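Notes to accompany the following structure.
There are 2 protein chains.
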Amino acid sequence: MGVKERREREKSDTRDKILDAARELFIAEGYEGVSMRKLAERIEYSPTAIYVHFANKEDLFHELCNQDFGRLAEVFQSSSMPLDPVERLKQIGRIYVEFGLQYPNHYKLMFMTPHPPIPFDEQDAEIQGNPEVDAYAFLKLTVQQTIDAGRFREELRDAELLSQTLWAAVHGVISLNLAKCNDPWVDWRPIEERTELVLTATLRGFLKEET
Amino acid sequence: MGVKERREREKSDTRDKILDAARELFIAEGYEGVSMRKLAERIEYSPTAIYVHFANKEDLFHELCNQDFGRLAEVFQSSSMPLDPVERLKQIGRIYVEFGLQYPNHYKLMFMTPHPPIPFDEQDAEIQGNPEVDAYAFLKLTVQQTIDAGRFREELRDAELLSQTLWAAVHGVISLNLAKCNDPWVDWRPIEERTELVLTATLRGFLKEET
DNA sequence: AATGTAACTTAACTGTGTTAAGTTAACGAA
DNA sequence: TTCGTTAACTTAACACAGTTAAGTTACATT
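Here the protein sequences come in this chain order: A and B. Once you know that position 74 of the first sequence is 713 in the numbering used here, the rest is easy, because the numbers rise by one and skip nothing. Once you know that position 5 of the second sequence is 644 in the numbering used here, the rest is easy, because the numbers rise by one and skip nothing.
Here it is, written out as structure tokens:
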């Protein structure tokens, strides 16, 4: 045997080649700016060869996003986190903004590109909810720990809602920066200041006592 | 004379017809979902007739956007604002999110599409900084009024920074909603709850005393 | 009545995502 | 060794997109 194995390896090699080229192109040109033909030309295959590996363009995009989501989770995992849960939430926010600044195009792809609903596959099911590989789950877990530590106001008990709100606030800073930092309309303050302030203010708004 | 005038009126009538139909379609189908052919069919002209009035599809969309920047300022202007400056800021946030939900496609182009710096023209100079026609200036003015009323903490005196942070927080809610509301990964809470919480928390974080 | 103008149409170009049908190379079984 | 099967890949085409060059046509001006 060993034949099937080699065949599979070869297939996944070209699959990876497609993914690598697609990431490069999507990042440079955006979703609409990349055509299956351009992509095929880049890797020296025919356009239809891509359809052997991916159902369609959207499916390809989805796969790339999943990889980047994993990377974000990795960054969280490999960062040293403060013991205090509130400080940990702040740290998560800072790392998140840093990630967006460091990989602006990945970030745009992941969070700023509206796309049609994507069906859930079995691979997703393994990732979702596991804080080690799912960045959102990691945030939610930390929010829950802060709730459990009794640090948040009594009426704020929905970890999901708090997570989504905190996420939105930080996402607002980085995404507005990526979309509008060159806009002469606004006299932008440094993004570090805006990040720090949105985190301080939002969390202070969540907390029980004054600091 | 009067002939030229009538001709111009007729031309701008069909131009308006194009704009009206385009807005309707863009809102319903999104930018990519609308083709010049569909649009032409809707108004019972040939596709190329549109090019008499607009350089291209993007130009058409841009025109709609400019109208909507003005409209956002108008919405602020025509809304009854609470006397309390902090409540006024909350109201601004709510109206902003509502605007994004009502014109998702315009919102995406206005605030979610990265673009190179746009040269400043004379028309812009008249608008910028005037709270009656510049929505950002309106926000900044209200923030300044809240500062002047002594409601914010002593260390928070930079109206620009506070405005940008508040804007970011609210923008985060609506933009994340527009980009990811269909994502099954997250069990989204109603956007009204997220808006209310981000406003309450951020502003409470800004305020001097507990409420 | 002839001319010019400008809104508008027809037909075509290039490029898009996607699919049906065909090719080709390598495997396992006879 | 040959045959049939499998599956990665290609060719050719479809239906659609944005856009443009070259008319056409209606009408105000001369």
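Glycine included, C-beta positions come from ideal geometry on N, C-alpha and C. As the structure is a prediction and not an experimental result, all values here were calculated from the model.
Review point. Pick from A798(A), G844(A), Q730(A), N769(A): whose alpha carbon is nearest that of S719(A)?
Key: Cα-wise, what sits closest to S719(A) is Q730(A).
Point to revise | Spatial neighbours of R843(B) in its chain, beta-carbon cut-off 6 angstroms, leaving aside the 5 residues before and after | key: There are no such residues.
Review point. Taking only beta-carbon atoms, is M751(A) less than 8 angstroms away from chain B?
Key: yes
Check your understanding: Shortest alpha-carbon distance to E702(B) belongs to which of E799(B), H745(B), R792(B), A798(B)?
Key -> H745(B)
Practice item. Taking the CB atoms as reference points, tell me whether A818(B) and M751(A) lie closer together than 8 angstroms. Key: Annotated as proximal: A818(B) and M751(A), with beta-carbon spacing under 8 angstroms.
Point to revise | Contacts that T781(A) makes with chain B (C-beta to C-beta distance below 9 angstroms) | key: None at all; the shortest Cβ gap to chain B is about 16 angstroms.
Practice item. Please name the residue in A667(A), L780(A), V736(A) whose C-alpha comes closest to that of A798(A). Key: L780(A)
Review point. S814(A) versus chain B: which residues are under 9 angstroms apart at the beta carbon?
Key: Those are F750, M751, A807, H810, G811, S814, L815, A818, listed as they occur along chain B.
**Study point:** Contact with chain A by V714(B), beta-carbon distance below 8 angstroms
**Key:** no
Exercise for review: Return the CA-CA distance between L800(A) and E683(B), expressed in angstroms with no decimal places.
Suggested key: 47 angstroms
Practice item. Can you tell me which of the three DSSP states F759(A) falls into? Key: coil
Check your understanding: Helix, strand or coil: how does DSSP classify L846(B) here?
Key -> strand
**Study point:** Contact with chain A by Q767(B), beta-carbon distance below 8 angstroms
**Key:** Look at Q767(B): its C-beta is under 8 angstroms from a C-beta on chain A.
**Study point:** Inter-residue CB distance, L740(A) and I813(A) (contact presumed, cutoff 8 angstroms)
**Key:** Taking the Cβ atoms as the reference, L740(A) lies roughly 7 angstroms from I813(A), within the contact range of under 8 angstroms.
Practice item. Check each residue of the segment 826-840 of chain B: if its Cβ is closer than 8 angstroms to any Cβ of chain A, include it; give the result in chain order. Key: D826, W827, R828, E832, R833, L836, V837, T839, A840
Practice item. Output yes if chain B places a C-beta closer than 8 angstroms to the C-beta of E683(A); else output no. Key: no
Check your understanding: Along the segment 721-735 of chain B, what residues have a CB closer than 9 angstroms to any CB found in chain A?
Key -> none
Review point. Quick one: what's got a C-beta closer than 6 angstroms to T834(B)'s C-beta in the same chain, skipping five residues either side?
Key: Around T834(B): V736, V812.
Check your understanding: Do you know offhand how far E771(B)'s Cα is from Y670(A)'s?
Key -> The straight-line gap from Cα to Cα measures roughly 37 angstroms.
Practice item. On the DSSP bridge assignment, give the partners of F791(A) in chain order. Key: L846(A)
Review point. List, in order along the chain, the chain A residues whose C-beta lies closer than 9 angstroms to that of E671(B)?
Key: E671
Review point. Shorter than 8 angstroms from the beta carbon of Q706(B) to some beta carbon of chain A?
Key: Not one beta carbon of chain A lies nearer than 8 angstroms to the beta carbon of Q706(B).
Review point. Cα separation between V714(A) and K747(B)?
Key: 29 angstroms
Exercise for review: For the alpha helix (DSSP H) holding K696(A), just list the boundary residues, first then last.
Suggested key: 696-717
Exercise for review: State yes or no: is the C-beta of A712(A) within less than 8 angstroms of the C-beta of A774(A)?
Suggested key: yes
Review point. From what residue to what residue does the alpha helix (DSSP H) around Y742(B) run?
Key: Taken as a continuous stretch (DSSP letters only), Y742(B) belongs to no alpha helix (DSSP H), as it is neither H nor E.
Practice item. Report all residues from its chain with a CB closer than 8 angstroms to the CB of L836(B); omit the five preceding and five following residues, and keep chain order. Key: none
Point to revise | Neighbour list for R676(A) in chain B, Cβ cutoff strictly below 8 angstroms | key: Result: empty, since nearest Cβ-Cβ is about 18 angstroms, beyond 8 angstroms.
Exercise for review: Please go through the same chain and pick out, in chain order, the residues whose beta-carbon is closer than 6 angstroms to the beta-carbon of N821(A), but skip the five residues on each side of it.
Suggested key: Taken in chain order, the list of residues that qualify is empty.
Check your understanding: With C-beta atoms as the reference, is T804(A) less than 8 angstroms away from A840(B)?
Key -> yes
Practice item. Identify whether N769(B) lies in helix, strand or coil by the three-state DSSP scheme. Key: Residue state, collapsed to three classes: coil.
Practice item. Take P724(B) and list the residues in its own chain whose beta-carbon comes closer than 7 angstroms to its own, dropping the five residues that flank it on each side. Key: T781, Q784, T785, A788, R790
Review point. At least one CB of chain B closer than 8 angstroms to the CB of G709(A): is that the case?
Key: no
Review point. Do W824(B) and Q767(A) have their C-beta atoms within less than 8 angstroms of each other?
Key: yes
**Study point:** Supposed close pair R681(A), A660(A) - CB separation, criterion 8 angstroms
**Key:** 5 angstroms
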